[in-house]
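Residue numbers (our numbering), protein chains in the order written: chain E, 1 to 331; chain D, 1001 to 1331. Don't be surprised by glycine CBs; every beta carbon is placed ideally from N, CA and C. Everything on this sheet refers to the single structure shown next.
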């Protein structure tokens, strides 16, 4: 009996201790997800709401992890996770996306393959249930990276993607947020306006060491003029390179574009010899803060180490890897 | 008489010798422009055509330089140069832009301020004579970076920009290129298809040491699905940062997006301690070539050193600085 307990304790320790992938765990699998960052007040969120967010984050995380565990690719894992967050009404992507100034949902998404540096993205689509899947089709079936607006929907139809009516994306909560933003004549460009930036994303490392990043968003409440943020911009909100890391971002998109945040983190790892954790921390808490940017990033490096950094009150997030880590967090 | 010649020779030498700005010439002013890169055959181009291209490149270069010489900003100089190239029918930007699959001109442009890291861009506009000026308005008068399609034109109207009919952009040569591309059912995605990528751009350093980059394009002949290339993507086709350099790119845009070319060159200077010339050469001749990308870049570094690199047969380009350099070249 005593021996059994000792063995159990050792097993536990072996799972809990960080077995550094760099030291040999070449088949390390890992995935991180986010559901947006910003002012997320413990006071304003009911227990029930928090449970609902956590449930959907957990479903997305586990769906992505299951793909990796079954030997699937990091691209498939990232899409599986993001699709669930797009289908959840709680996050600002797909169903539950915010409304633009005209009361319409305009969706952006991007995906990148760290092995080939191939990428696909769509911006300003209005009738695509899962923009991340359309971004994947752009990557896999065209020589292009970014398709926009009605043209992107024409491409979707040619690929056999069924379009959905705009009303599919409607949620009462987002409509109220639009009315509030319209009353104050504000674009919800800061965390204070809207509570948080609900962009969703995933980064993953598969058994073969290939990295992927995926991001999907409805952008800003009350946005006008065909505004596009960082999510579908390769380098800004989304980047993946097996030589360094994979990054998905969420926050005040314009600042992420100006600092080319995702690529900057990868460049600091590749050129500057920094760890992904250090690079992410410096970029999120210094580079971004210096120019006034709010938000966060999730990062997976070539060894499968996961980093989640944000300079806001909270970031909906989750992490799971083959060392036994499984974590869902908000604050 | 003899003494006069010696003095003249010394003066000439003083102008011709590279007086390193790093060694004290803090007020060095410099500008470089490009009008696209690709297969530019000496055989196919008549003397008259070559003269016409050179004339308009020279006009753009000197207009930008005149702004700098009068103490103007690098932003104003870059816009002045790009506007002339947009108005010229010879380049694939503004008047003379290529046609998309539907026989329409869809224009993209971006500008970035190296001092503030502020940036503005537009994509898919159809009725804006000078997209670079609209990009400048996005930067100066909104909290956004990228506006697209009809929304961007709505913004233009609100800013008092007069729209022009689509027919303004028509040139017979571009229409023939579209018909040819349609016959072969090809998107002109490679240099071979179309002769060259005619995207235009400028980079400049002003007296105060501030850098700027500007890029404008009509994209690809016969493009579909609202395809957007690298030109309006901050980091890919356009980037400026006083801490490193300013870059404007031209070429097979998708590859420039995937390698985040403009930001990559700046990152190698800032993080890797490389010269801008070395960084540009490595990225254009190695990074881009490795993934199959064609094209080139113009770069100005913080000291005013100008670099023009391309991995294609030619690149329409020009360079001028306060050391007396003035150069227009194609091959």
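With H, G and I counted as helix, E and B as strand and the rest as coil, what does DSSP make of residue i?
i: residue 117 of chain E; result: coil
i: residue 257 of chain E; result: helix
i: residue 314 of chain E; result: strand
i: residue 1082 of chain D; result: helix
i: residue 1067 of chain D; result: helix
i: residue 308 of chain E; result: strand
i: residue 1189 of chain D; result: Summary for residue 1189 of chain D: the model assigns pLDDT 42, below 50, so the residue's position carries little reliability; its value from the coordinates is reported in the next sentence. Looking at residue 1189 of chain D - three-state DSSP - the assignment turns out to be coil, as it is neither helix nor strand.
i: residue 1330 of chain D; result: coil
i: residue 34 of chain E; result: strand
i: residue 215 of chain E; result: strand
i: residue 94 of chain E; result: coil
i: residue 1203 of chain D; result: strand
i: residue 234 of chain E; result: strand
i: residue 1298 of chain D; result: strand
i: residue 1167 of chain D; result: helix
i: residue 1155 of chain D; result: helix
i: residue 287 of chain E; result: helix
i: residue 1146 of chain D; result: strand
If you compare alpha carbons, which of the options is closest to residue i?
i: residue 1063 of chain D; options: D:1089, D:1032 and D:1046; result: D:1032
i: residue 1114 of chain D; options: D:1327, D:1301 and D:1306; result: D:1301
i: residue 320 of chain E; options: E:50, E:111, E:67 and E:37; result: E:67
i: residue 245 of chain E; options: E:74, E:55, E:221 and E:51; result: E:74
i: residue 1264 of chain D; options: D:1251, D:1254, D:1239 and D:1243; result: D:1239
i: residue 243 of chain E; options: E:123, E:275 and E:170; result: E:275
i: residue 1167 of chain D; options: D:1157, D:1128 and D:1041; result: D:1128
i: residue 1173 of chain D; options: D:1103, D:1083 and D:1149; result: D:1103
i: residue 1299 of chain D; options: D:1079, D:1237, D:1055 and D:1164; result: D:1237
i: residue 307 of chain E; options: E:220, E:124, E:205 and E:209; result: E:205
i: residue 159 of chain E; options: E:138, E:45 and E:43; result: E:138
i: residue 1029 of chain D; options: D:1056, D:1070 and D:1124; result: D:1070
i: residue 1318 of chain D; options: D:1311, D:1297 and D:1303; result: D:1297
i: residue 1065 of chain D; options: D:1141, D:1078 and D:1056; result: D:1078
i: residue 1154 of chain D; options: D:1101, D:1124, D:1169 and D:1177; result: D:1124
i: residue 1219 of chain D; options: D:1108, D:1273, D:1120 and D:1041; result: D:1108
i: residue 1072 of chain D; options: D:1181, D:1112, D:1209 and D:1142; result: D:1209
Alpha carbon to alpha carbon, how far is residue i from residue j?
i: residue 1211 of chain D; j: residue 118 of chain E; result: 31 Å
i: residue 1089 of chain D; j: residue 1053 of chain D; result: 10 Å
i: residue 1151 of chain D; j: residue 179 of chain E; result: 20 Å
i: residue 25 of chain E; j: residue 35 of chain E; result: 29 Å
i: residue 1098 of chain D; j: residue 227 of chain E; result: 24 Å
i: residue 232 of chain E; j: residue 1324 of chain D; result: 43 Å
i: residue 1214 of chain D; j: residue 1110 of chain D; result: 6 Å
i: residue 116 of chain E; j: residue 1162 of chain D; result: 44 Å
i: residue 1198 of chain D; j: residue 1329 of chain D; result: 15 Å
i: residue 1261 of chain D; j: residue 1295 of chain D; result: 11 Å
i: residue 1278 of chain D; j: residue 1266 of chain D; result: 11 Å
i: residue 1207 of chain D; j: residue 1126 of chain D; result: 36 Å
i: residue 1189 of chain D; j: residue 326 of chain E; result: Low confidence applies to residue 1189 of chain D: its pLDDT is 42, below 50, so where it sits in the model is not reliable, and the reading given next is rough at best. Cα-Cα distance, rounded: 45 Å.
i: residue 1060 of chain D; j: residue 1284 of chain D; result: 24 Å
i: residue 39 of chain E; j: residue 313 of chain E; result: 5 Å
i: residue 1156 of chain D; j: residue 288 of chain E; result: 29 Å
i: residue 134 of chain E; j: residue 122 of chain E; result: 7 Å
i: residue 1023 of chain D; j: residue 1303 of chain D; result: Model confidence at residue 1023 of chain D stands at a pLDDT of 47, short of 50, so the residue's coordinates are unreliable; what they give is reported in the following sentence. Distance between the alpha carbons of residue 1023 of chain D and residue 1303 of chain D: 9 Å.
i: residue 87 of chain E; j: residue 1331 of chain D; result: 53 Å
i: residue 47 of chain E; j: residue 217 of chain E; result: 25 Å
i: residue 1021 of chain D; j: residue 1141 of chain D; result: Note that residue 1021 of chain D scores a pLDDT of 44, beneath 50, so its modelled location is shaky; the value from the coordinates is reported in the next line. When rounded, the distance between both Cα atoms is 34 Å.
Counting C-beta neighbours from all protein chains within 10 Å, is the total for residue i 16 or more, i.e. buried, or is it exposed?
i: residue 1322 of chain D; result: buried
i: residue 85 of chain E; result: buried
i: residue 305 of chain E; result: buried
i: residue 106 of chain E; result: buried
i: residue 292 of chain E; result: exposed
i: residue 235 of chain E; result: buried
i: residue 251 of chain E; result: buried
i: residue 1051 of chain D; result: exposed
i: residue 241 of chain E; result: buried
i: residue 5 of chain E; result: Bear in mind that a pLDDT of 43 at residue 5 of chain E, under 50, signals an unreliable position, so the model cannot answer this.
i: residue 1203 of chain D; result: buried
i: residue 1043 of chain D; result: exposed
i: residue 1055 of chain D; result: exposed
Taking residue i and residue j to be in contact with their CB atoms under 8 Å, please state how far apart those CB atoms are, rounded to whole angstroms.
i: residue 258 of chain E; j: residue 1145 of chain D; result: 7 Å
i: residue 1094 of chain D; j: residue 1131 of chain D; result: 7 Å
i: residue 1256 of chain D; j: residue 1230 of chain D; result: 4 Å
i: residue 280 of chain E; j: residue 309 of chain E; result: 5 Å
Does the ligand FMN have a heavy atom nearer than 7 Å to the CB of residue i?
i: residue 1092 of chain D; result: Absence of the ligand FMN from the depicted structure is noted, as is the absence of any ligand whatsoever, leaving it without description.
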